[in-house]
Each structure stands twice: as structure tokens, then as C-alpha cells.
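Visitor: Questions regarding the structure given below will be posed in turn.
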Amino acid sequence: STVPFVTLNNGLRMPQLGFGVWQVPDDQATEAVGHALDAGYRSIDTAAVYGNEEGTGRALAASGLPREELFVTTKLWNGDQGHDATLRAFDVSLEKLGLDYVDLYLIHWPVPSKDLYIESYKALEKIHADGRAKAIGVSNFTTAHLRRLLEETDVVPVLNQIELHPNFPQAEQRAFHSSHDIHTEAWSPLGQGKGLLDDEELARIAAKHGATAAQVVLRWHLQLGNIVIPKSVTPSRIKENIDVFGFELDDADLEALAELDTDTRLGSHPDHVG
Ligand code: NAD
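Read in order, the letters of the sequence shown correspond to residues -2 to 271 in our numbering.
Below you can see the structure in the form of C-alpha cells.
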């Protein structure tokens, strides 16, 4: 079965499950993204700082898929914040991707210490108005950063991409997003494949559904309404991670998974990055 779409607050449709390429070197990105496109992924999440926009772009071109069937996200790196620097950084990203528009452009981190995220976002609004990003949004914004953004800018971000997995389910942040028509996109949705996927309770639920632990975690996200972008460079796992539309978790499963909340991040607190 195929990946469902969510409709963003500007009417744009985005696949609810995509492919993330953090930590995939540029020379391996072409192959990994190629495997993902073959497996049926149509949404790809990269960023300037990942250093693999060129490799990603090569895979998109080589696929022969019509541009309108692809959904490409990239992100503004912290050192490029500021109005003019943002416009320049966006041009570089487009050039590297070999595209004339992206579907979604995000501010990667708010970097409150520099206090440039409002003027950077205004540059994103210009890029959006010019049609060079079909949608704009943010990443790693806390509710405080979002409140200020909503107050001082015009275009409501379509989504906020944040660290989110069963050990860090971000309930308050998700509720804030919902109340402002902002989608939640989960980064490190599998908890980076570290401790989380070895959990015994997860193994029990997976066995019950004839699924893997990773598939159960991805179902949990999808049933919460999150957009997910799991990463793998292993073809069998790339396929496994998109093969999650043939079963559903029940209420008991969801209650058991809620117990995995340890309120622990893998990454840094957004107030302290940059
Ligand atoms: P993830 O949670 O997707 O985990 C990926 C790792 O899990 C893999 O490297 C592999 O070790 C393991 N794995 C993957 N599939 C598996 C499977 N089926 N079975 C067992 N193990 C499996 O971690 P991630 O890469 O950190 O996050 C996904 C994407 O989110 C990134 O690639 C990137 O696009 C995005 N991201 C964004 C930010 C941000 O600041 N905006 C930060 C981190 C990640």
C-alpha cells in the first residue's frame, strides 16, 4: 500500500512518510536516495549542512520521475541566517540540488543567541512569494520561538520539524502545533536506531503484528499524525521502513508505547544550539 498525504495549512500535499539523509556522505547519497525512490519514497529530507544536496539531486534527476511527484525539503544552516545571507544560501542549495524550486524550505535551528530567525524567516517568505519554495517552515523551534514567529511574520509555517520518538514524545509541543494548524514532523523518528529499537515491550508488540520494532515505531508516529522521515542506507531497511501501511496499532499497543516516554532527548536543546 502507498504512503498517504497530509494537507499542509497552505493546501500543499506532502507524503506523511519520507526519507531522511542526515549523515549520508554525498557520494553515498545518490545510491541511498535511489534505493528510496525505487522503494516508493517520494519525499526526501536533506539540509545544506548535511553536505549531500548534490548527491541527492543526482538521484532525483536519475530517477526520471516527474518533478511534481517529488517532495524535496532542504534547510537553511545556522551560519547563513540573516536576510541577505538566507537568500544567498537558498540559491546555493537550489543550485546543488539541480532544481528550480524546492517543495519545503526550513530554518534548521532558531539560534536564539543570534536573534536572526525573524529576519531569516522574512527572507523565506520572499522565497515563497517568488514560488521558489512551495512551502516554508521551521525546525527545532520551541513554543516560545513559534509564538514570536507567529506574532512578527505573515506566513504561518506549514510544519515544525523536531526531535520526536517514543522516548521523547513531545505532547505539549504537538498540541501547540495542532492548535495553530502547524504539522509536526519527527526527526530521529527511530531514536537513531539506538536503545529504543531494543526495547522488550516494543518487541512484544512487533511480534503480535508480525512486524519489526522499527515498523511499530513508525506506525506509532503515523497514528499520532506525525510526518516521519526515517533514515537508512541499507536497502532492506529502506524497504522495511516504508512497508508500514498494512497493519494498525490498537489502543492497548498505544498505551504500552506511551510508557516508553522517558523525556530524554538524543540531540541538544534548541535554546543551546548555534
Ligand atoms: P532515525 O531515527 O531515522 O534512525 C536512523 C538509524 O536507525 C539508521 O542509521 C540505522 O542505524 C537505524 N535504522 C534505520 N532503519 C532501521 C530498521 N528498519 N531497523 C533497525 N534499525 C534501523 O535517525 P536520524 O537519521 O537522526 O533522523 C532521520 C532524519 O531526520 C535525518 O536523516 C534527517 O533528515 C532528519 N533530522 C533532522 C534534524 C534537525 O535538526 N532538523 C536532526 C536530526 C535528524
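Cβ atoms here follow ideal geometry from the backbone N, Cα and C, with glycine treated the same way.
Taking a contact to mean a Cβ-Cβ separation below 9 Å, would you say Val225 touches Ala29 in this structure?
Guide: As a first step, residue 225 is located in the sequence shown; it is residue number 228 there, counting from the start. As a first step, residue 29 is located in the sequence shown; it is residue number 32 there, counting from the start. At least 9 Å separates the beta-carbon of Val225 from that of Ala29.
Visitor: In this structure, what does DSSP give as the bridge partners for His180?
Guide: Position 183 of the sequence shown, counting from 1, holds the residue named residue 180. His180 pairs with Leu156.
Visitor: What separation, rounded to the nearest whole angstrom, lies between the Cα atoms of Gly54 and Pro63?
Guide: For the purposes of this step, residue 54 is taken as residue 57 along the sequence shown, with counting starting at 1. For the purposes of this step, residue 63 is taken as residue 66 along the sequence shown, with counting starting at 1. Approximately 13 Å, taken between the alpha carbons.
Visitor: Using three-state DSSP, classify Phe244 as helix, strand or coil.
Guide: As a working mapping, residue 244 is identified with position 247 in the sequence shown. Note: Phe244 maps to coil in three-state DSSP.
Visitor: CB-CB under 8 Å to Ala59, same chain, minus the five flanking residues each way: which ones, in chain order?
Guide: Taking the first residue of the sequence shown as 1, we reach residue 59 at position 62. If we look at Ala59 and ignore the five residues flanking it on each side, its Cβ neighbours are Thr27, Gly31.
Visitor: Rounded to a whole number of angstroms, what is the C-alpha to C-alpha distance between Pro126 and Gly52?
Guide: By one-based count along the sequence shown, residue 126 stands at place 129. By one-based count along the sequence shown, residue 52 stands at place 55. The sequence shown places Ala at residue 126, not Pro. Cα to Cα, the separation comes out at about 28 Å.
Visitor: Compute the minimum distance between the beta carbon of Thr27 and the heavy atoms of the ligand NAD, and state whether it is under 8 Å.
Guide: Here residue 27 corresponds to residue number 30 of the sequence shown, with the count starting at 1. Incorrect: Thr27 has no Cβ contact closer than 8 Å to the ligand NAD.
Visitor: Do you know whose CA, among Asp77, Asp268, Gln189, lies nearest Ala141's CA?
Guide: As a working note, residue 141 is residue 144 in the sequence shown. Per the Cα distances, Asp268.
Visitor: Between Ser105 and the ligand NAD, is there a pair consisting of the residue's CB and a ligand heavy atom that are separated by less than 8 Å?
Guide: Numbered from 1 along the sequence shown, position 108 holds the residue referred to as residue 105. The sequence given here has His at residue 105, not Ser. For the ligand NAD, at least one heavy atom lies less than 8 Å from the Cβ of His105.
Visitor: Mind the definition here: the segment 115 to 125 touches the segment 79 to 92 only if three or more C-beta pairs lie below 8 Å; say whether that holds.
Guide: yes
Visitor: Taking 8 Å as the cut-off, is the CB of Gly190 close to at least one heavy atom of the ligand HEM?
Guide: Looking at this structure, you won't find the ligand HEM anywhere; what it does contain is the ligand NAD.
Visitor: Assuming Thr181 and Asn238 are in contact, meaning their beta carbons sit under 8 Å apart, how far apart are those beta carbons, in whole angstroms?
Guide: Locating residue 181 in the sequence shown gives position 184, where the first residue counts as 1. Locating residue 238 in the sequence shown gives position 241, where the first residue counts as 1. The pair is not a contact, with the Cβ atoms about 19 Å apart (cut-off 8 Å).
Visitor: In angstroms with no decimal places, state the Cα-to-Cα distance between Leu5 and Pro186.
Guide: Along the sequence shown, read from residue 1 onward, the residue named residue 5 stands at position 8. Along the sequence shown, read from residue 1 onward, the residue named residue 186 stands at position 189. Leu5 and Pro186: Cα-Cα distance of roughly 20 Å.
Visitor: Ends of the alpha helix (DSSP H) at Ser60?
Guide: On the sequence shown, residue 60 is found 63 positions in, with the first residue counted as 1. 50 to 60 is the span of the alpha helix (DSSP H), which, as asked, contains Ser60.
Visitor: Is it the case that the CB of Asp127 approaches a heavy atom of the ligand NAD more closely than 8 Å?
Guide: One-based indexing of the sequence shown puts residue 127 at position 130. Incorrect: Asp127 has no Cβ contact closer than 8 Å to the ligand NAD.
Visitor: Is there at least one non-hydrogen atom of the ligand NAD closer than 8 Å to the beta-carbon of Ser117?
Guide: Against the sequence shown, residue 117 aligns to sequence position 120. Checking every heavy atom of the ligand NAD against the Cβ of Ser117, none is found closer than 8 Å.
Visitor: Whole angstroms is fine: what's the gap from His177's alpha carbon to Asn157's?
Guide: Numbered from 1 along the sequence shown, position 180 holds the residue referred to as residue 177. Numbered from 1 along the sequence shown, position 160 holds the residue referred to as residue 157. Those two C-alpha atoms are separated by around 11 Å.
Visitor: With DSSP run on the structure shown, which of helix, strand or coil describes Leu131?
Guide: Here residue 131 is taken as the residue at index 134 of the sequence shown, counted from 1. Note on residue identity: the sequence assigns Lys, not Leu, to residue 131. If DSSP states are grouped into helix, strand and coil, Lys131 belongs with the strands.
Visitor: Between the Cα of Lys228 and the Cα atoms of Gln20, Thr(-1), Leu73, which residue gives the shortest distance?
Guide: Taking the first residue of the sequence shown as position 1, residue 228 is located at position 231. Selected option, being the one with the closest Cα: Gln20.
Visitor: Just the Cα atoms here: how many angstroms apart are Leu113 and Lys191?
Guide: Counting from one through the sequence shown, the residue named residue 113 turns up at place 116. Counting from one through the sequence shown, the residue named residue 191 turns up at place 194. Cα to Cα, the separation comes out at about 34 Å.
Visitor: Over what stretch of residues does the alpha helix (DSSP H) that includes Tyr118 continue unbroken?
Guide: Within the sequence shown, residue 118 is the residue found at index 121, counting from 1. Counting along the chain, the alpha helix (DSSP H) containing Tyr118 begins and ends at 114 to 126.
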